[in-house]
Every structure is written in C-alpha cells, then in structure tokens.
Amino acid sequence: AQTVTQSQPEMSVQEAETVTLSCTYDTSESDYYLFWYKQPPSRQMILVIRQEAYKQQNATENRFSVNFQKAAKSFSLKISDSQLGDAAMYFCAYRAGGTSYGKLTFGQGTILTVHP
Amino acid sequence: EAQVTQNPRYLITVTGKKLTVTCSQNMNHEYMSWYRQDPGLGLRQIYYSMNVEVTDKGDVPEGYKVSRKEKRNFPLILESPSPNQTSLYFCASSLNSGGGETQYFGPGTRLLVL
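Residue numbers (our numbering), protein chains in the order written: chain A, 902 to 1017; chain B, 19 to 132.
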C-alpha cells in the first residue's frame, strides 16, 4: 500500500522569507502523481501544485515550486517570498496513475505559520 | 460556477440517530469520493464511486454507506452514528479516476456525535 509521510507537524517562516515543507512517499508503482494541497482556516482544500512522476522537470506555480527526487521518493514544497496568506495546513498527497481507484493518499499535514 | 457543494456544513447529533450528508457537483464528473479528516491522520478515503451505480469501499468504510443514483449526487449515510465518527468530512470529484485528474473538494462538513 502507498504511504505518504510529512515529518514536520509545524513550521514557521518570516514574511518574505523562503520555507521548505518536506514529504516522502512509498510506492511500487512507476506511474503516479503527487500533489500539494493548502487548507486555510476556512478548511477549504485548495490545490497548490502537482507533479507527474514521469516528468523530470520540477513543477512551478508562481512562488510555489517542488523538489521532486524520484529515486529518493521525496517531494518537498518550497514557498518563496512567503506572505501572511500562505499561513495554512499543507498536505502532500499521492495518486496512482492509469485507471486506478482514484484514491488520493494524504500525509499527516504540516501547519505553516507566517510571522510578520 | 463549477463547484462541489455539501450540506449541512455543521452538524451536531446524538449516538444512533441516522443522518445523511449530501454532496453534489455540477461539473459532470464521473468520479466522486468521500474523505474524513482527523488530527494527525490527514484525510482518509471512506468510499468512492467510479460512475452511476458503481461504488466501492475506501480505507475506512465501517459505519458508512453511500449511493450513486445520479451522476451529480453522492450522499454519505451514517445509519447509526457513534462518537468515533466525529470528524471533518469532505466530498470530492474528478472527471474520472485517472491519476492525473484534479480532484475538486467541497467545503467540508464538520460532524460532532455526542
């Protein structure tokens, strides 16, 4: 079974600084997708960024980028120029490719605090 | 506006009193799923549906039922709720079950079972 682990229950960063959230996963599949979701205090789940395992290039979305290390099964999220609105719970998630059962497997979450 | 809606958003009930949480999507998605979120455990899948009349268990199905009679609706039924079902529940949908398809989440339903 696939597992996703976020080893940092909490992280903090100063406004305008950079922070990296860690995620590791375990799978025997070769075709899969990885995601980072943001959950602000409203509890809404917001997709931040996604990475296809077959792509070597790391995904980037504005201030958000990932460091995808396939061999190490590591998928970290880097937030540059942190803003107060980035404060939230962040979840790393895995989904097998092909015609899988479609399940997203989530990590435990990391609470990010942004200090002004 | 493309969205997934859930009702109610907040619910307090007592042990054993049957309840239904509704979920509806307006994106003509085939795949729908229910998750529960608990502290320290992230989100875990309860049930999923590949299409109308096709449902199956996820990782934590005990105590829950679902049905998919229409493509847009996927209600979650707790026939005899217990305190260990106190949780935050999310409905999600995607175009299909393909791994690359983005799952869209509803706003969540916070359930307290006394």
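Beta carbons: idealized from backbone N, C-alpha and C, even for Gly.
Within chain B, the residues that residue i reaches when beta carbons sit closer than 8 Å
i        : result
Glu855/A : Beyond the ends of chain A as shown, which are 902 and 1017, falls residue 855/A; an answer cannot be given.
Ala997/A : Gly117
Interface residues of chain A facing residue i [CB-CB closer than 7 Å]
i        : result
Leu26/B  : Note on residue identity: the sequence assigns Pro, not Leu, to residue 26/B. Near Pro26/B there are no residues of chain A at all, since even the closest Cβ is about 14 Å away, more than 7 Å.
Gln121/B : Leu1005
Beta-carbon neighbours of residue i, restricted to chain B and to distances below 7 Å
i         : result
Gly986/A  : The contacting residues do not exist; Gly986/A stays about 18 Å from chain B at best.
Gln1009/A : Gly58, Leu59 and Gly60
Under 8 Å from the C-beta of residue i: neighbouring residues of chain A
i        : result
Ser134/B : Since the displayed chain B opens at 19 and closes at 132, residue 134/B lies outside it and no answer follows.
Residues that residue i contacts on chain B, provided the C-beta gap is smaller than 9 Å
i        : result
Asp932/A : Gly117
Leu978/A : In chain order: nothing, as chain B lies at least about 15 Å away.
Contact with chain A by residue i, beta-carbon distance below 8 Å
i        : result
Gln103/B : no
Leu106/B : yes
Pro99/B  : no
Pro10/B  : Residue numbering for chain B in the displayed model covers 19 to 132; residue 10/B lies beyond these limits and cannot be assessed.
Closer than 9 Å at the beta carbon, the chain A residues around residue i
i       : result
Ser51/B : Gly1003, Lys1004 and Leu1005
Gly34/B : The premise fails here: Gly34/B is roughly 27 Å from chain A at the closest Cβ pair, so nothing lies under 9 Å.
Test: residue i CB closer than 8 Å to a CB of chain B
i        : result
Arg944/A : yes
Phe992/A : yes
Leu948/A : yes
Check whether the region 924–939 of chain A touches the region 948–963 of chain A, taking contact to mean three or more Cβ pairs, one atom from each stretch, closer than 8 Å.
yes
Continuous beta strand (DSSP E) assignments of at least 3 residues falling wholly in the region 952–992 of chain A
965–970 and 975–980
According to a CB-to-CB cut-off of less than 8 Å, which residues of the region 53–74 of chain B neighbour chain A?
Tyr53, Gly58, Leu59, Gly60, Leu61, Arg62, Gln63, Tyr66, Met68 and Asp74
Does the region 972–988 of chain A touch the region 902–921 of chain A, meaning 3 or more C-beta pairs lie closer than 8 Å?
yes
Along the region 74–86 of chain B, what residues have a CB closer than 9 Å to any CB found in chain A?
Asp74, Gly76 and Asp77
Closer than 8 Å is the cut-off here; do at least three beta carbon pairs connect the region 78–89 of chain B with the region 58–67 of chain B?
Cβ pair count under 8 Å is three or more, so yes.
Could you say if the region 21–28 of chain B and the region 957–970 of chain A meet the contact criterion of at least three C-beta pairs nearer than 8 Å?
no
Inter-stretch contact at 8 Å, needing at least 3 Cβ pairs: the region 986–999 of chain A / the region 41–52 of chain B
Contact fails: fewer than three Cβ-Cβ distances are below 8 Å.
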